[in-house]
Amino acid sequence: RHGTPYPATLFTVSAADTRVDPMHARKMCAALQWATSGGPVLLRHESDVGHGARSVSRSVALAADALAFLADRTGLQPP
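Residue numbers for the sequence shown follow our numbering, so the first one is 2 and each next one is one higher.
The following block contains the structure:
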C-alpha cells in the first residue's frame with residue numbers, strides 16, 4: 002500500500018540463481034521503494050553466484066553487508 006511506513010529492508014539477490022528468479026527480489030524491492038514512506042529499501046546484487054554455494058570471501062562479504070545494515074538500522078555504535 003502506498004504511503005505505508007514499511008521497515009528498512011535489505012534484499013539480496015544472486016544473478017545466476019537457477020532456483021529462484023532474481024526478478025522476484027528486484028520487483029519486490031521496487032514495489033517497496035515506491036510504496037514506503039519510511040526507511041530505506043536496498044537491493045544487494047551478486048553476479049556469477051548461484052543458489053547457495055559461494056566462495057568463503059563472498060560469504061564473508063555478504064555477512065558483513067547484512068550486519069552493517071542491521072547495525073545502521075538499530076543504531077549500534079562502535080565500542
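Virtual Cβ for every residue (Gly too), placed ideally from N, Cα, C.
Note that the structure is predicted; figures quoted are calculated from it, not measured.
Who pairs with residue i in a beta bridge, going by DSSP?
i   : result
F12 : L44
Just tell me which of the options has its CA closest to the CA of residue i.
i   : options            : result
P8  : G40, A62, L68      : G40
A36 : G4, H25, R45       : G4
D18 : F70, D66, V50      : V50
D22 : Q34, H52, A32      : H52
A31 : A72, R2, L63       : R2
R89 : V61, A54, T75, A65 : No information on residue 89 is available, as it lies outside the stretch 2 to 80 that the chain covers here.
How many whole angstroms separate the CB atoms of residue i and residue j, which I take to be in contact at a CB cut-off of 8 Å?
i   : j   : result
R59 : F12 : The Cβ separation is near 17 Å, so there is no contact.
R27 : V42 : Between V42 and R27 the Cβ distance is about 11 Å, and since that is not below 8 Å, they are no contact.
S38 : P6  : 5 Å
Is there a Cβ of chain B sitting closer than 8 Å to that of residue i, yes or no?
i   : result
G76 : Protein chains in the displayed structure number just one, and chain B is not present.
Please confirm whether residue i and residue j have their CB atoms less than 8 Å apart.
i   : j   : result
A16 : E47 : yes
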